Amino acid sequence: MRIAITRTGGYAGIERRAELDTCGRPDATHLEALAHRALAPGREAPARGVPDAFHYEIKVNGRSVHLADPHLTSEQRELIRTVLKEGA
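Shown next as structure tokens:
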């Protein structure tokens, strides 16, 4: 499964992107479960957050959702943090 995250907004307004392929990873099952749960409550149009907050687009297998701080679940945060940290 390929998981792509795009983060925009924040104080500086710098965009950051990362993509992670779960194939062959020891935590693949966990990350895939996080991705499926992260997509469930998401929106297909850009989400409204608060001023200077981060906005996220999560793409998984051709489906994308938009989320915004501070309205993220702990699972969405874990997925975003992992992909941005370990993805290319």
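Add 151 to a position in the sequence shown, counting from 1, and you land on the number used in this note's numbering.
We put the CB at the ideal spot given by N, CA and C, even for glycine.
Note that the coordinates shown come from a computational prediction; the quantities given were computed from them, not determined experimentally.
Would you say residue 237 and residue 185 are within 8 Å of each other, going by their C-beta atoms?
At the C-beta level, residue 237 and residue 185 stay beyond 8 Å of one another.
So within the region 182-238, which uninterrupted beta strand (DSSP E) runs reach at least 3 residues, ignoring any that extend past its ends?
For the region 182-238, whole beta strand (DSSP E) runs of length 3 or above, ordered along the chain, are 205-211, 214-219.
Closest by CA to residue 169, which one among 157, 179, 161?
Minimum Cα distance to residue 169 is reached at 157.
Rounded C-alpha distance that separates residue 204 from residue 161:
Going from the Cα of residue 204 to the Cα of residue 161 covers about 5 Å.
Residue 163 in three-state terms, based on DSSP:
Residue 163: coil per DSSP, three-state reduction.
Using the DSSP secondary-structure output, state which residues sit across from residue 169 in a beta bridge.
Under DSSP, residue 169 takes part in a beta bridge, and its partners are 156.
Buried or exposed for residue 154, please, with buried defined as at least 16 other CB atoms from any protein chain shown within 10 angstroms of its CB.
Residue 154 sits buried, since 16 or more C-beta atoms from the chains shown fall within 10 Å of its C-beta.
Contact belief for residue 229 with residue 217 at Cβ below 8 Å, rounded distance in angstroms:
Contact doesn't hold; Cβ gap of about 18 Å is too wide.
Ignore the nearest five residues each way along the sequence and tell me which others in residue 202's own chain have a CB closer than 6 Å to its CB.
If we look at residue 202 and ignore the five residues flanking it on each side, it has no Cβ neighbours.
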